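Colleague: Residue numbers (the numbering used here), protein chains in the order written: chain B, -14 to 190; chain C, -14 to 190.
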């Protein structure tokens, strides 16, 4: 299976399917259909069948999908059948909220380091770990072999932080700063900016 | 101009252009080209020209775009040439972080009400406003005429909250709860779930 051959738009839907399947499993369900899964995620049954069939034949005609089996497959495809350590840079309100967020662990992620360059924050404790000096970031991230990072710093410093993260070996960056990050080929960035999402909706009001 | 005729994928890129233009303006720039704007947002110049031309002829051959003019046009198209009052439901870590977020005001948004159903939180002050009892949410949002809301409550209560918001007249919901919300025709929902974004990237690791 060649990663480059599957369109990223399909990859982007797999975590949504996995999340919905997890909720079904939490409710004690063992099997589902593409129709039922589709109703839960607002995507057509045909699209779901087409997306999933890119990776193999995971469902059975008539009986549908085994939820635990499909979850295992999706976790393996998305490589969240393991835990990814995360470095977070920027210990402001958003950084604190994410550091304490309970929703990462059972989805494959674990924040293990938080950095900031504000002397009044360095040394402060958040839920069991200590905010570290951003000056030592590159070395610490590199020696820990961390590949995934989150930026929750102001827009003015986000690009510089991204450059350092990449220098440290990070390959995937979730960026909360309201700025588009420019990164070299082979580095993935996802952006979260609530104002962007809100403006996309006010158009229709 | 018929809103239904412009694909939502194009609408989704306009706030990204607006954000980049704002940063250019902040740096004192007055004009830009589709090439330069594209370099700033990671989108091709041709795509940008095509997207913007959906709404009229805003650039000039040879001289490019006037940044203040294009910003005014985009703000008007996205209806953020005015302020939208926002109701936020769920005063946990994320709710607190968003309540204090400084990046909404100059992009058309203003959180004016925060609700929670936890008696230990009701009455608590966040930056000048007071957390209100979620029991009175529908009436308060309706009388204030609020059309935009954010949900930062747990997944288990998010759908019920969304139903109430819609009952109160809300048309646009930014949902931070890790669950897909089912809403009637005419209601817009955008979802923010960091684990979804992270899983989309680990696929490539």
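Don't be surprised by glycine CBs; every beta carbon is placed ideally from N, CA and C. What you are looking at is a predicted structure, and each value in this text was computed from that prediction instead of being measured.
(1) Look at the Cβ atom of residue 182 of chain B, then the Cβ atom of residue 160 of chain B, and state whether they are nearer than 9 angstroms.
(2) Going along the chain, which residues of its own chain have a beta-carbon closer than 6 angstroms to the beta-carbon of residue 123 of chain C, five neighbours each way excluded?
(3) State yes or no: is the beta carbon of residue -8 of chain C nearer than 9 angstroms to at least one beta carbon in chain B?
(4) Assuming residue 139 of chain C and residue 162 of chain C make a contact with CB atoms under 8 angstroms, what is their CB distance in whole Å?
(5) Let me make sure I understand the geometry here. Which of B:190, B:1, B:189 and B:126 has the alpha-carbon closest to that of residue 60 of chain B?
(6) Does the beta carbon of residue 78 of chain C sit closer than 9 angstroms to a beta carbon anywhere in chain B?
(7) So which residues of chain D does residue 144 of chain C contact, with C-beta pairs closer than 8 angstroms?
(8) Give the range of the beta strand (DSSP E) segment to which residue 68 of chain C is assigned.
(9) Cβ of residue 114 of chain C less than 9 angstroms from any chain B Cβ?
(10) How about residue -5 of chain B and residue 46 of chain B: do their beta carbons lie closer than 9 angstroms?
(11) Can you give the Cα-Cα distance for residue 20 of chain B and residue 30 of chain B, rounded to whole angstroms?
(12) For residue 15 of chain B, I'd like the list of residues in its chain whose CB is within less than 8 angstroms of its CB, leaving aside the five on either flank, ordered along the chain.
(13) Measuring only the C-alpha atoms, how far is residue 157 of chain C from residue 84 of chain B?
(14) List, in chain order, every chain C residue whose beta-carbon is nearer than 8 angstroms to that of residue 157 of chain B.
(15) I'd like to know whether the C-beta of residue 99 of chain B is nearer than 9 angstroms to at least one C-beta of chain C.
(16) What does residue 81 of chain C reach in chain B if we use C-beta pairs closer than 8 angstroms?
(17) Look at the alpha carbon of residue 80 of chain C and the alpha carbon of residue 73 of chain C, and state the distance between them as a whole number of angstroms.
(18) Is residue 55 of chain C close to chain B, meaning its C-beta is less than 9 angstroms from at least one C-beta of that chain?
(19) Hey, is residue 43 of chain B's beta-carbon within less than 9 angstroms of any beta-carbon in chain C?
(20) Taking just the CA atoms, how far does residue 5 of chain C sit from residue 101 of chain B?
(21) For the alpha helix (DSSP H) containing residue -3 of chain B, list its first residue and its last residue.
(22) Is residue 185 of chain B buried or exposed, if buried means 16 or more other CB atoms sit within 10 Å of its CB?
(23) Taking DSSP as the reference, what is the three-state secondary structure of residue 134 of chain C?
(24) Out of B:142, B:113, B:67 and B:147, state which residue places its alpha-carbon closest to the alpha-carbon of residue 135 of chain B.
(25) Kindly give me the distance between the Cβ atoms of residue 86 of chain C and residue 63 of chain B, rounded to whole angstroms, as I take these residues to be in contact under 8 angstroms.
(26) Go ahead and pull the three-state DSSP assignment for residue 97 of chain C.
(27) Looking at the structure shown, is residue 175 of chain B part of a helix, part of a strand, or coil, going by DSSP?
(28) What separation, rounded to the nearest whole angstrom, lies between the Cα atoms of residue 32 of chain B and residue -8 of chain B?
(29) Using a threshold of 9 angstroms, state whether the C-beta atoms of residue 116 of chain B and residue 76 of chain B are closer than that.
(30) Between which two residues does the beta strand (DSSP E) harbouring residue 115 of chain C extend?
(31) Quick one: what does DSSP say residue 154 of chain C is sitting in, helix, strand or coil?
(32) How would you call residue 3 of chain C, buried or exposed, if buried means at least 16 neighbouring beta carbons within 10 angstroms?
(33) Could you give the DSSP three-state label for residue 106 of chain C: helix, strand or coil?
(34) Quick one: list the residues of chain B neighbouring residue 25 of chain C, beta-carbon separation under 7 angstroms, in chain order.
(35) Tell me which same chain residues have a C-beta within less than 7 angstroms of the C-beta of residue 112 of chain C, skipping the five on either side of it?
(36) Just mark residue 36 of chain C as buried or exposed, buried being the case when its beta carbon has 16 or more other beta carbons within 10 Å.
Modeller: So, to answer that:
(1) Residue numbering aside, residue 182 of chain B sits at position 197 when the first chain is read from its first letter. Residue numbering aside, residue 160 of chain B sits at position 175 when the first chain is read from its first letter. Against a cut-off of 9 angstroms, the Cβ pair of residue 160 of chain B and residue 182 of chain B comes out as no contact.
(2) For the purposes of this step, residue 123 of chain C is identified with residue 138 of the second chain, where counting begins at 1. 149, 152 and 153.
(3) On the second chain, position 7 is the one that residue -8 of chain C refers to. With 9 angstroms as the cut-off, residue -8 of chain C does not count as an interface residue toward chain B.
(4) Against the second chain, residue 139 of chain C aligns to sequence position 154. Against the second chain, residue 162 of chain C aligns to sequence position 177. Going by Cβ atoms, the distance from residue 139 of chain C to residue 162 of chain C rounds to 6 angstroms, so yes, they are a contact pair.
(5) Within the first chain, numbered from 1, the residue matching residue 60 of chain B stands at position 75. Measuring from the Cα of residue 60 of chain B, the nearest candidate turns out to be B:1.
(6) Locating residue 78 of chain C in the second chain gives position 93, where the first residue counts as 1. At least one chain B Cβ lies under 9 angstroms of residue 78 of chain C.
(7) Considering every chain present, this structure includes no chain D. Its protein chains are B and C.
(8) Counted from its first residue, the second chain places residue 68 of chain C at position 83. Going by DSSP, residue 68 of chain C is part of no beta strand (DSSP E) at all; its letter is neither H nor E.
(9) As a working note, residue 114 of chain C is residue 129 in the second chain. Chain B contact via Cβ: absent.
(10) By one-based count along the first chain, residue -5 of chain B stands at place 10. By one-based count along the first chain, residue 46 of chain B stands at place 61. No, the Cβ-Cβ distance between residue -5 of chain B and residue 46 of chain B is not below 9 angstroms.
(11) Residue mapping note: residue 20 of chain B aligns to position 35 of the first chain, counting from 1. Residue mapping note: residue 30 of chain B aligns to position 45 of the first chain, counting from 1. Using only the alpha carbons, I get a separation of about 5 angstroms.
(12) For this step, residue 15 of chain B is matched to residue 30 along the first chain. Around residue 15 of chain B: 51, 52 and 53.
(13) Taking the second chain and counting its residues from 1, one reaches residue 157 of chain C at position 172. Taking the first chain and counting its residues from 1, one reaches residue 84 of chain B at position 99. Using only the alpha carbons, I get a separation of about 28 angstroms.
(14) Counting from one through the first chain, the residue named residue 157 of chain B turns up at place 172. Within chain C, the residues placing a beta-carbon under 8 angstroms from that of residue 157 of chain B are 183, 186, 187, 189 and 190, ordered along the chain.
(15) Taking the first chain and counting its residues from 1, the one referred to as residue 99 of chain B is at position 114. Not closer than 9 angstroms to any Cβ of chain C, the Cβ of residue 99 of chain B fails to qualify, so no.
(16) Locating residue 81 of chain C in the second chain gives position 96, counting from the first residue. In chain order: 78 and 82.
(17) Taking the first residue of the second chain as position 1, residue 80 of chain C is located at position 95. Taking the first residue of the second chain as position 1, residue 73 of chain C is located at position 88. So the two alpha carbons sit approximately 7 angstroms from each other.
(18) To locate residue 55 of chain C, count along the second chain from 1; it is residue 70. Taking Cβ atoms only, chain B never reaches closer than 9 angstroms to residue 55 of chain C, which makes this a no.
(19) Taking the first residue of the first chain as 1, we reach residue 43 of chain B at position 58. Cβ-Cβ to chain C under 9 angstroms: no for residue 43 of chain B.
(20) As a position in the first chain, residue 101 of chain B is number 116, starting the count at 1. As a position in the second chain, residue 5 of chain C is number 20, starting the count at 1. Approximately 25 angstroms between the Cα atoms of the pair.
(21) Here residue -3 of chain B is taken as the residue at index 12 of the first chain, counted from 1. Residues -7 to 11.
(22) As a first step, residue 185 of chain B is located in the first chain; it is residue number 200 there, counting from the start. Residue burial is scored here from C-beta neighbours: residue 185 of chain B has at least 16 other C-beta atoms within 10 angstroms and is therefore classed as buried.
(23) Position 149 of the second chain, counted from the start, is the residue given in the question as residue 134 of chain C. In the three-state reduction of the DSSP assignment, residue 134 of chain C falls in the strand class, which pools E and B.
(24) Looking up residue 135 of chain B in the first chain gives position 150. It is B:147 whose Cα lies nearest to the Cα of residue 135 of chain B.
(25) Within the second chain, numbered from 1, the residue matching residue 86 of chain C stands at position 101. Within the first chain, numbered from 1, the residue matching residue 63 of chain B stands at position 78. Actually they are not in contact, since the Cβ atoms of residue 86 of chain C and residue 63 of chain B sit about 30 angstroms apart, beyond 8 angstroms.
(26) For the purposes of this step, residue 97 of chain C is identified with residue 112 of the second chain, where counting begins at 1. Strand, per DSSP.
(27) Here residue 175 of chain B is taken as the residue at index 190 of the first chain, counted from 1. Judged by DSSP in its simplified three-state form, residue 175 of chain B adopts strand.
(28) Within the first chain, the letter at position 47 stands for residue 32 of chain B. Within the first chain, the letter at position 7 stands for residue -8 of chain B. Here the alpha carbons of residue -8 of chain B and residue 32 of chain B stand approximately 13 angstroms from one another.
(29) Here residue 116 of chain B is taken as the residue at index 131 of the first chain, counted from 1. Here residue 76 of chain B is taken as the residue at index 91 of the first chain, counted from 1. It is a contact, given that the beta carbons lie within the stated cut-off.
(30) In the second chain, counting from the first residue as 1, residue 115 of chain C sits at position 130. Segment 114 to 118, the beta strand (DSSP E) holding residue 115 of chain C.
(31) The residue labelled residue 154 of chain C in the question sits at position 169 within the second chain. Correct three-state label for residue 154 of chain C: coil.
(32) In the second chain, counting from the first residue as 1, residue 3 of chain C sits at position 18. So residue 3 of chain C counts as buried.
(33) Taking the first residue of the second chain as position 1, residue 106 of chain C is located at position 121. Per DSSP, reduced to three states, the secondary structure at residue 106 of chain C is coil, with no helix or strand assignment.
(34) Residue numbering aside, residue 25 of chain C sits at position 40 when the second chain is read from its first letter. Per Cβ cutoff of 7 angstroms: 165.
(35) The residue labelled residue 112 of chain C in the question sits at position 127 within the second chain. Same-chain partners within the cutoff: 84 and 85.
(36) Here residue 36 of chain C refers to the residue found at position 51 of the second chain. By the 10 Å Cβ count, residue 36 of chain C comes out buried.
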